[in-house]
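Numbering (the numbering used here), first residue to last: 4 to 318.
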């Protein structure tokens, strides 16, 4: 039975319940506190996107929910690893496992979350776990590329987009590819993966904006985390590439303890936050064009609405 507009919220409830069930399965072996970090959902933007795309493709409800759960688990795995690499202390408004238990535990929890996600994929289709292994490889390559670029002042927009397409876009692309295979309706097979990858890149761009516009209370993570880790995100890349801004930006960036508030003000006042929003708008428009070609038109309209929400979100 395909997913419909009215069933998305019910599906999200079942996805959450499924994640909690997976955590309970291993509580006896690792303890409730550790297990809770593996399956704790965040905003569930990935799940909602996958479910809405499944509706636009006419995919079976149960299979769609499996894709959503796998995405959440693999995403959690990447966050657990990221927080260890970045030495982050706060995630989703809670202390990170690496802060509470140490880096080793944080990394092992990430491995366990990935294993749980792979188990979900096995139940979706024969090709889903194979594609997921490739996806995690691409995510890891993206993370490595980002790590090598830390502190570099020669990062261009193309390099940024390449990292984003792997680090964030690859998992969305996996969902698009799997859902495309599961769709019973004729459609351009390459559109859902490309559309989904673009959603991941859009998510990353919006997060980059939030790193300089949202408070820790709203974002649920350490304020100015990218700055603290010397990561040039898209607004900063635009500032460096602008001859009129480069010198002022670098003066702030190269301070012994860069002031996130001052950098945020420069990025806003000189138009680089706005330029980043415009790049997000460009990607959004390309996504909306592809959504129009999906086979289930009413559900595609709902997906298009959600993409607009993703682009404009302040959470």
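The beta carbon of each residue, even a glycine, is placed where N, CA and C say it ideally should be.
{"Query": "Cα-Cα separation between residue 87 and residue 81, rounded to whole angstroms", "Result": "10 angstroms"}
{"Query": "C-alpha distance - residue 201 paired with residue 286, whole-angstrom precision", "Result": "7 angstroms"}
{"Query": "Anticipated Cβ contact below 8 angstroms, residue 23 with residue 42, distance rounded", "Result": "6 angstroms"}
{"Query": "Residue 94, DSSP secondary structure in three states", "Result": "strand"}
{"Query": "Contact under 7 angstroms by Cβ, residue 181 with residue 118", "Result": "no"}
{"Query": "Exposed unless 16 or more other CB atoms sit within 10 angstroms - verdict on residue 264", "Result": "exposed"}
{"Query": "Where the alpha helix (DSSP H) containing residue 215 begins and where it ends", "Result": "First-last for residue 215: undefined, no H or E at that position."}
{"Query": "C-beta contact flag for residue 71 and residue 50 at 7 angstroms", "Result": "yes"}
{"Query": "Three CB pairs or more closer than 8 angstroms across the region 59-77 and the region 294-308", "Result": "yes"}
{"Query": "C-beta contact flag for residue 214 and residue 229 at 7 angstroms", "Result": "yes"}
{"Query": "Three-state secondary structure (DSSP) of residue 155", "Result": "coil"}
{"Query": "Touch test, the region 144-160 against the region 110-130, Cβ-Cβ under 8 angstroms, three pairs minimum", "Result": "no"}
{"Query": "beta-carbon residue 129 near the ligand GTP non-hydrogen atom, thresh 6 angstroms", "Result": "The ligand GTP is not part of this structure, which contains no ligands at all."}
{"Query": "Beta-carbon proximity list for residue 44, same chain, < 7 angstroms, skipping 5 on both sides", "Result": "19, 22, 75"}
{"Query": "Candidates 292, 152, 311, of which the one nearest residue 232 by Cα", "Result": "152"}
{"Query": "Residue of 140, 274, 208 minimising C-alpha distance to residue 244", "Result": "274"}
{"Query": "Given 8 angstroms, three or more beta-carbon pairs between the region 105-120 and the region 166-173", "Result": "no"}
{"Query": "Distance between residue 206 and residue 27 (C-alpha atoms, nearest Å)", "Result": "30 angstroms"}
{"Query": "Start-to-end residues for the alpha helix (DSSP H) that takes in residue 239", "Result": "237-244"}
{"Query": "Per-residue burial, residue 98 [other beta carbons within 10 Å of its own, 16 or more giving buried]", "Result": "exposed"}
{"Query": "Same chain, Cβ closer than 7 angstroms to residue 222, five either side skipped, listed in chain order", "Result": "Note that residue 222 scores a pLDDT of 45, beneath 50, so its modelled location is shaky; the value from the coordinates is reported in the next line. Within the same chain, residue 222 has close Cβ partners 213."}
{"Query": "Selection from 250, 40, 68, 73 that minimises the alpha carbon distance to residue 96", "Result": "40"}
{"Query": "Reduced DSSP category for residue 127 - H, G, I as helix; E, B as strand; rest coil", "Result": "coil"}
{"Query": "Rounded straight-line distance, which links the Cα of residue 170 to that of residue 85", "Result": "11 angstroms"}
{"Query": "Residue 16 to residue 66 span [Cα, whole Å]", "Result": "15 angstroms"}
{"Query": "Identity of the residue in 121, 149, 150, 148 nearest residue 137 by Cα", "Result": "121"}
{"Query": "Beta-carbon contacts of residue 192 that lie in its chain and below 7 angstroms, excluding the five residues immediately before and after", "Result": "183"}
{"Query": "Which of helix, strand or coil DSSP assigns to residue 317", "Result": "coil"}
{"Query": "Which of helix, strand or coil DSSP assigns to residue 188", "Result": "coil"}
{"Query": "Cβ neighbour criterion (16 or more within 10 Å) applied to residue 31", "Result": "exposed"}
{"Query": "Inter-residue spacing [alpha-carbon to alpha-carbon] between residue 295 and residue 203", "Result": "19 angstroms"}
{"Query": "Residue 299 versus residue 47 - alpha carbon distance", "Result": "23 angstroms"}
{"Query": "Sequence-distant residues of its chain with Cβ nearer than 8 angstroms to residue 255 (five each side left out)", "Result": "261, 262, 265, 266, 269"}
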